[in-house]
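Asker: Residue numbers (this note's numbering): 165 to 501.
Backbone N, C-alpha and C fix where the C-beta goes; we use that ideal spot for every residue, glycine too.
Structure below; questions to follow.
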Ligand code: PEP
Ligand code: MN
């Protein structure tokens, strides 16, 4: 962290600042030029609040040089984290496809989708039981019943299940859920993130609709700071001005995050595009970009889906996509430096 002091800062104002900095257990190194006086803070500056520094009258400007996240930072953890979901690995060269309906609608529906996506090569099953809907009048999910049906599908197919938790009050229903999804709208629900840090399940953390990658990693840091380092990041498109697609898929998030963090990163082309016909091309692009997996919405009858039918693939579309992903993945792997 670097502090630029005001040219006309008084000696007592500088002393007051230096005293405060030393009280934070960091060492202020002073660099005095003809027209500028700079302090370089050496030590653990992660817990220092930039806003608190700017309140000192001697301060002109403050810049953070090191990233504010530590546990999620690749600088302090060089090797890729591999998250193991009931034997299926994600990250560190391991690629997984998570597929299933946006919402669990009935036991029969989720079992038939599970069987079909499994046959096409997906290893993990997704399905929402608690749905974050924009309208309070829209279908909100089957809730505890939905979780029961997912568990039935897991029993029948052996597929580990991924489902969204919207409130900690439901956590006990998630005992047999293998991966807890934190939805885009809850990415900065810090109370929930902190509590999920104390649980030992893998967490699928989706990027918020309008959050920077640094904010995304700070949310992962909340979970990791609580002791749970099994975090899978998911880019699912961000808000922009163009409504040609539901969101704008930020694919460059994959290589950027690969540099910044050791955590696996998967892509959700369904929520990113909002259109079934765009899911295949963006899935292939995600593979080429180096993603560690995909999460894709698949429905037995997309036209009749209770949620997100327009972006859901039918069974033949998903089977075709899986074949292409498989072929492309081998090709991309053969090009690795
Ligand atoms: C979902 O996965 O069904 C979902 C609601 O996703 P997001 O939180 O990314 O909108
Ligand atoms: Mn959905």
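1) What are the residues that DSSP puts in a beta bridge with residue 461?
2) Quick check on the burial criterion: 16 or more other C-beta atoms within 10 angstroms. Buried or exposed for residue 378?
3) Between the Cα of residue 334 and those of 369, 370, 316 and 295, spot the shortest distance and give me the residue it belongs to.
4) Can you check whether the CB of residue 274 is closer than 8 Å to the CB of residue 317?
5) Return yes when at least one heavy atom of ligand 2 lies under 7 Å from the C-beta of residue 435, else no.
6) At what residues does the alpha helix (DSSP H) containing residue 186 begin and finish?
7) Report the option in 386, 381, 373 and 425 whose CA atom is closest to the CA atom of residue 404.
8) According to DSSP, is residue 192 part of a helix, a strand, or is it coil?
9) For residue 336, report the span of its beta strand (DSSP E) as first-last.
10) Which of the three DSSP states, helix, strand or coil, is assigned to residue 256?
11) Looking at residue 267 and residue 482, is the spacing between their C-beta atoms short of 8 Å?
12) Output the residue ranges of the beta strand (DSSP E) runs that lie fully inside the stretch 411 to 498 and measure 3 residues or longer, sorted by chain position.
13) Using DSSP's beta-bridge definition, name the partner residues of residue 326.
14) Would you check if the stretch 355 to 368 and the stretch 407 to 422 touch, i.e. whether three or more CB-CB distances between them fall below 8 Å?
15) From the DSSP secondary-structure annotation, give me the bridge partner or partners of residue 248.
16) Suppose the cutoff is 8 Å on Cβ atoms and the five residues either side in sequence are ignored; what does the same chain contact list for residue 321 look like?
17) Note down, in chain order, each residue of its chain lying with its Cβ closer than 6 Å to the Cβ of residue 406, except the 5 sequence neighbours on either side.
18) Give me the residue from 475, 465 and 228 with the minimum Cα distance to residue 211.
19) For ligand 2, list every residue whose C-beta falls under 5 Å from any of its heavy atoms, going in chain order.
20) Check whether the stretch 464 to 472 touches the stretch 487 to 495, counting contact only when three or more Cβ pairs, one atom from each stretch, lie closer than 8 Å.
21) Sorted by chain position, which residues of the same chain lie with C-beta nearer than 7 Å to residue 182's C-beta, five sequence neighbours on each side aside?
22) By DSSP, does residue 238 sit in helix, in strand, or in coil?
23) At the level of alpha carbons, what is the spacing between residue 472 and residue 185?
Answerer: Once the coordinates are examined:
1) DSSP links residue 461 through a beta bridge to 264.
2) Residue 378 is exposed by the Cβ-count criterion.
3) Answer by Cα proximity: 295.
4) Result yes, Cβ atoms of residue 317 and residue 274 sit closer than 8 Å.
5) Yes; taking the cut-off as 7 Å, the Cβ of residue 435 has a heavy atom of ligand 2 nearer than that.
6) Element bounds for residue 186: 175 to 187.
7) Nearest option by C-alpha distance: 373.
8) DSSP places residue 192 in strand when its eight states are reduced to three.
9) Per DSSP, residue 336 belongs to no beta strand (DSSP E) and is neither H nor E.
10) DSSP places residue 256 in coil when its eight states are reduced to three.
11) The answer is no: Cβ separation not under 8 Å.
12) Here the runs fully enclosed are 429 to 431 and 457 to 461.
13) Residue pairing by DSSP places residue 326 opposite 290 and 343 in a beta bridge.
14) Proximity of the stretch 407 to 422 to the stretch 355 to 368 falls short of the contact definition, fewer than three beta-carbon pairs being nearer than 8 Å.
15) According to DSSP, residue 248 shares a beta bridge with 253.
16) Once the five neighbours on either side are set aside, the close Cβ partners of residue 321 are 275, 278, 279, 282 and 289.
17) Around residue 406, the same chain offers no residue with a beta carbon nearer than 6 Å, after the five sequence neighbours per side are excluded.
18) When only C-alpha atoms are compared, the closest one is 228.
19) Sorted by position in the chain, 266 and 472 make up the residues whose C-beta lies under 5 Å from a heavy atom of ligand 2.
20) A contact between stretches requires three or more CB pairs, one per stretch, nearer than 8 Å, and the stretch 464 to 472 fails this requirement with the stretch 487 to 495.
21) 192.
22) Looking at residue 238 - three-state DSSP - the assignment turns out to be helix.
23) Cα to Cα, the separation comes out at about 52 Å.
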